[in-house]
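Participant: Below: one structure in structure tokens.
Chains as they are written, first to last, in the working numbering: chain A, 1 to 88; chain B, 89 to 176.
Quick look at the structure:
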């Protein structure tokens, strides 16, 4: 199969899974309600997304790099909110 | 860089991001509380994960196939819970 076509499927995947995750970040930003988020879990997730990013670069996969560049910012923001608003 | 090493990084990524997602599924299963989940969002996520799975097969990437095989089951379960318990 043509490489371009494969990468298009990857980008569709990247856009959909990233889009599904963003409302969670928006909701947390709006409500500042971080009670249901666990910091160790967010940290594991952050390291995981960081590893995907490295994997994307090593495999030369634009969709993986694209999706995880956005998701690592989201994951970082959620961690920040948890640390900032979690104590209240 | 050696291919095996690249795939190991991918598997670390796959295990970490999958592990971070499972407690959410477990919590939903235990509490049956699906009020904070949106069905259109779950559907978008499910189609996204399905697309990643196709991408993983086309790119011949074991970590992508591994991570998304587990995640697609989780996404399916969350959709099932939402449809089954969402009306109450």
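We put the beta carbon where it would ideally sit given N, CA and C, even for glycine.
1. To the nearest angstrom, how far is it from the Cα of residue 178 of chain B to the Cα of residue 117 of chain B?
2. Use the C-beta contact count for residue 119 of chain B: other C-beta atoms within 10 angstroms, 16 or more gives buried, fewer gives exposed.
3. Hey, could you find the ends of the alpha helix (DSSP H) residue 68 of chain A is sitting in?
4. Is there at least one Cβ from chain A nearer than 8 Å to residue 122 of chain B's Cβ?
5. Given 8 Å as the limit, is there contact between the region 165–174 of chain B and the region 34–51 of chain A, that is, 3 or more CB pairs closer than that?
6. Pull up the distance between the alpha-carbon of residue 145 of chain B and that of residue 138 of chain B, whole angstroms please.
7. Could you tell me the distance, in whole angstroms, from the CA atom of residue 12 of chain A to the CA atom of residue 84 of chain A?
8. What span of residues does the alpha helix (DSSP H) with residue 120 of chain B cover, start to end?
9. Mind reading off the beta-carbon distance from residue 108 of chain B to residue 86 of chain A? Whole number of angstroms is fine, and I expect it under 8 Å.
10. Taking the continuous alpha helix (DSSP H) assigned at residue 139 of chain B, which residues delimit it?
11. Give a yes or no on whether the minimum CB-CB distance between residue 55 of chain A and chain B is below 8 Å.
12. At the level of alpha carbons, what is the spacing between residue 72 of chain A and residue 93 of chain B?
13. Hey, residue 105 of chain B and residue 45 of chain A: beta-carbon distance below 8 Å or not?
14. Would you say residue 154 of chain B reaches chain A, if we count a Cβ-Cβ gap shorter than 8 Å as a contact?
15. Please decide whether residue 45 of chain A counts as near chain B, where near means a Cβ-Cβ distance under 8 Å.
16. For the region 91–120 of chain B, which residues have a beta carbon sitting closer than 7 Å to at least one beta carbon of chain A?
17. Tell me the DSSP secondary structure of residue 24 of chain A in three-state form.
Facilitator: The structure says:
1. Outside the shown range of chain B, which is 89 to 176, sits residue 178 of chain B, and nothing can be said about it.
2. Exposed: under 16 other Cβ atoms inside 10 Å.
3. Annotation: the continuous alpha helix (DSSP H) that includes residue 68 of chain A extends over 62–85.
4. Between residue 122 of chain B and chain A, the shortest Cβ-Cβ separation is not below 8 Å.
5. No: fewer than three Cβ pairs fall under 8 Å.
6. If you draw a straight line from the Cα of residue 145 of chain B to the Cα of residue 138 of chain B, it comes to about 11 Å.
7. Rounded to the nearest angstrom, the two C-alpha atoms are 34 Å apart.
8. Here residue 120 of chain B belongs to no alpha helix (DSSP H), and DSSP marks it neither H nor E.
9. Actually they do not touch by this definition, with Cβ atoms about 17 Å apart.
10. Start and end: 127–147.
11. By this cut-off, residue 55 of chain A is an interface position.
12. So the two alpha carbons sit approximately 22 Å from each other.
13. One thing to note: residue 105 of chain B has its Cβ within 8 Å of the Cβ of residue 45 of chain A.
14. Taking 8 Å as the CB threshold, residue 154 of chain B stays off the interface with chain A.
15. Chain B contact via Cβ: present.
16. Within the region 91–120 of chain B, the residues whose Cβ lies closer than 7 Å to some Cβ of chain A are 94, 97, 98, 100, 101, 104, 105, 107, 108 and 111, listed in chain order.
17. Three-state result, residue 24 of chain A: helix.
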